[in-house]
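Take 16 as the starting number for the sequence shown in the numbering used here and just add one per residue.
Inspection log for the structure reproduced underneath, given as structure tokens.
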Amino acid sequence: MGKDIKITVEKRPLDSSLYELESEWDALLKRSSCPSIYSTLDYIYISCKHCQLTEDIFFLLFRKEDTGELLAIFPLSIWDNRLYGVPLKTVEHGLTTQNSDVDKPYPIIDRQHEEACWKRFRTYFRKDFRAWDVLIYDEVSTDFFLARVLRKTFSLPFFWIKEKPGPVSPMVRLDGEWDVFWKAHSNLRKSTRRLEKKIGDAFSYTVTGDPTDVERCLNEYIATEQASWKAGEAVSHPATQKLYHELLPKLAAKNQVFFGMMYDGDTVISAEISYVFQDRVYFAHGTYNQAYSKLSPGSVSTGRFIEYFYGKGYVEGDFLAGYAHYINGWASRIEKTSNITIRRMGLKMSYLALRHLGRKVHRKLKPPVQLNSEKPKTVPHAVDKG
16 MGKDIKITVE KRPLDSSLYE LESEWDALLK RSSCPSIYST LDYIYISCKH CQLTEDIFFL
76 LFRKEDTGEL LAIFPLSIWD NRLYGVPLKT VEHGLTTQNS DVDKPYPIID RQHEEACWKR
136 FRTYFRKDFR AWDVLIYDEV STDFFLARVL RKTFSLPFFW IKEKPGPVSP MVRLDGEWDV
196 FWKAHSNLRK STRRLEKKIG DAFSYTVTGD PTDVERCLNE YIATEQASWK AGEAVSHPAT
256 QKLYHELLPK LAAKNQVFFG MMYDGDTVIS AEISYVFQDR VYFAHGTYNQ AYSKLSPGSV
316 STGRFIEYFY GKGYVEGDFL AGYAHYINGW ASRIEKTSNI TIRRMGLKMS YLALRHLGRK
376 VHRKLKPPVQ LNSEKPKTVP HAVDKG
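Structure (structure tokens):
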């Protein structure tokens, strides 16, 4: 649908004026092809604000020309880099997978008009905006529209595409019976019983999404992570702490974030953070107290967290791309992704292609280093110490 509609494009900067679009943004996200917590205005704006380095971040708004209806929002960033000494301008999603905690980033596009929007996007980057060389979309689910029509939409002679397998996401069904899941995983049952028996009456586990609990839980999470092998990384990184202290209260006010906390008395054994959006749960972060490592606290806590979301109207739990291979055995399916690179063809790309080819040929023609493995012709005699 919507193949022949006329679409206007407006470019907006990264600033607080984006919140003027909040009602339109939320409405579009509900009818989008890939709704996600990582595409909400709060998540994108606050994360971009805290994670921005030297890149320019902006937003393309696609609207129907006749009615002004918002059809798509493309959060984008432009980076300056070099290859073989040649300056390049690289366009990526507004939040890159290397510089933020975003997962499987994708534009917000009305599912009834996705083909028309991607065609207008292609035209924009071919004719309207030409100050770019490389366009990157990482962690694109192979089920997404872009992955399905990539080579048809961005084809030679104007574009050259490279596509590589990306990280995978374990997905756990949440719309069945918890007892079925519990009985299917004997190792989880054993670990849970062992930990609870070891802790005894001091053991407790709680899940909270109460906005009044956010600061306490976040501070306990950070303290636990800082005392672990992940100290100074992930949520406990100084810059990231500022991000989450601003973001999580916003999400909690909309019932979009939950903490799973496991205790030995007042001591945190493990802590986890999940987001929820529509019928999906995003199991985003987890850490545990190293003193309890022999009791498998991570697995026990995650099992409890999964149990909490059963029977509450959620369909699936997403353990994100590339970070939770230990969950694969619990997954009902594995979602594959692709890392996509689109190059704008021209003299610059032709030169870089020749440089790259020349380097590969040079490596193949360069004779291998010969190691001298022959034995010496004479063997020294041992010294007679008489």
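We put the CB at the ideal spot given by N, CA and C, even for glycine.
Linking residue 122 to residue 279 through their CA atoms gives a straight-line distance of about 43 Å. Annotated as distal: residue 60 and residue 52, with beta-carbon spacing of 9 Å or more. Per the coordinates, the alpha-carbon of residue 271 lies some 5 Å from the alpha-carbon of residue 291.
Sixteen is the threshold: when 16 or more other Cβ atoms of the shown chains lie within 10 Å of the Cβ of residue 107, as they do, the residue is buried. Contact check for residue 311 against residue 170 fails: the beta carbons are separated by 9 Å or more.
In the DSSP assignment, the residues bridged to residue 107 are 92 and 151. Residue 122: not part of any alpha helix (DSSP H); DSSP gives it neither H nor E. Between residue 177 and residue 356, the beta carbon gap of about 4 Å places them in contact (Cβ cut-off 8 Å). With contacts defined by Cβ atoms closer than 9 Å, residue 264 and residue 222 do not form a contacting pair. Apart from sequence neighbours up to five positions away, the residues of its chain that approach residue 126 with a beta-carbon distance below 8 Å are 46, 47 and 48, ordered along the chain. With three or more CB-CB distances shorter than 8 Å, the region 282-299 counts as touching the region 323-330. Annotation for residue 331: no alpha helix (DSSP H) segment contains it, though the beta strand (DSSP E) segment containing it runs 331-333. Nearest to residue 303 by C-alpha distance, out of 73, 30, 151 and 236, is 236. Straight through space, the alpha carbons of residue 374 and residue 43 are spaced by roughly 47 Å.
Of the candidates 276, 364 and 372, 364 places its Cα closest to the Cα of residue 97.
Runs of the beta strand (DSSP E) lying entirely within the region 250-314 and spanning at least 3 residues, in chain order: 272-279, 282-292 and 295-303.
In this chain, residue 79 is not harboured by any alpha helix (DSSP H); it is covered by the beta strand (DSSP E) spanning 71-79. The three-state reading of DSSP puts residue 142 in helix, counting H, G and I together. Taking a contact as a CB-CB distance under 8 Å, the pair residue 26 and residue 73 counts as one, their CB atoms being some 6 Å apart.
Shortest Cα-Cα distance from residue 129 to any of 161, 155 and 149 involves 161.
DSSP places residue 177 within a strand segment (E or B) once states are collapsed to three. Contact check between the region 340-352 and the region 237-253: fewer than three CB pairs, one atom from each, fall below 8 Å, which does not count as touching. In the displayed model, residue 50 falls within coil according to three-state DSSP, outside both helix and strand. Collapsing the DSSP output to three states places residue 159 in coil. In the DSSP secondary-structure assignment, residue 35 is not bridged to any residue.
Check the Cα spacing between residue 297 and each of 187, 253, 82 and 182: the tightest is with 187.
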